[in-house]
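Undergrad: Submitted below is the structure of interest, expressed as structure tokens.
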Amino acid sequence: MGLFSFVKEAGEKLFGGKEAHAAPAPAPASPGAAPAAAAAPSQDDLNARAGKAIETYIASQNLGVSNVKVQFDGNQGKVTVSGTAPTQAAKEKVTLCCGNVAHVTSVDNQMSVTNPEPEAQYHDVVSGDTLSAIAKKFYGDANKYNLIFEANKPMLSDPNKIYPGQKLRIPSLAK
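Heads up: the sequence shown begins at 1 in UniProt numbering, then just goes up one per residue.
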């Protein structure tokens, strides 16, 4: 499947902006100074929290995937996800769950698929896009917008609510 790129500023806000950036270096302690209150969390702690937030988000989508593990690298904005998906569509939806999160710029989906199928195409939403216009572009028929909507559920809850920077699955038409 490869590495997928996403727009860093677009997507679900699962964790604070501070958690997506490098943790500040601790200030050196002065001799005889009182110990600092609570140390700021390390970059590894922030990355682990962000990874868990993304895992929770994937689980909330009820995609039927199992053994999902997410690693987040806040310095690069990269998510690496592993586990098992029942279908290619579920695997692709996991990629979108991870990538359509604010502060994520790329996703490396290493999940295995129980029932392999051909991969879908993808479309990056731009200002002015509608599902009908995207359906017209890919299928030649604006009325097939519902195929795209269904292929991106449950991440999409309404066919009229897409936003610039979002990446959508475009499944092939059944023959």
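Yeah, the Cβ is synthetic: ideal placement off N, Cα and C, and Gly gets one too.
Quantities reported herein were computed from a predicted structural model and do not represent experimental measurements.
1. Within the continuous beta strand (DSSP E) that includes residue 156, where are the two ends?
2. Does the Cβ-Cβ distance between residue 78 and residue 95 come in under 8 Å?
3. State the start and end residues of the unbroken alpha helix (DSSP H) segment that holds residue 77.
4. Leaving out five residues on either side along the sequence, give the residues of the same chain with a beta carbon under 8 Å from the beta carbon of residue 183.
5. Pull up the distance between the alpha-carbon of residue 172 and that of residue 127, whole angstroms please.
6. Consult DSSP for residue 90 and reduce its assignment to one of helix, strand or coil.
7. Since residue 109 and residue 167 are thought to touch, with beta carbons under 8 Å apart, how far apart are those beta carbons, to the nearest angstrom?
8. Helix, strand or coil for residue 134 per DSSP?
TA: Taking the structure as given:
1. Following the DSSP letters along the chain, one finds residue 156 in no beta strand (DSSP E), marked with neither H nor E.
2. Residue 95 sits away from residue 78, with the two beta carbons spaced by 8 Å or more.
3. Boundaries cannot be given for residue 77, as no alpha helix (DSSP H) includes it and DSSP labels it neither H nor E.
4. Nothing in the structure corresponds to residue 183, since the chain is present only between 1 and 175.
5. Computed Cα separation, rounded: 24 Å.
6. Helix, per DSSP.
7. The pair is not a contact, with the Cβ atoms about 12 Å apart (cut-off 8 Å).
8. Three-state result, residue 134: helix.
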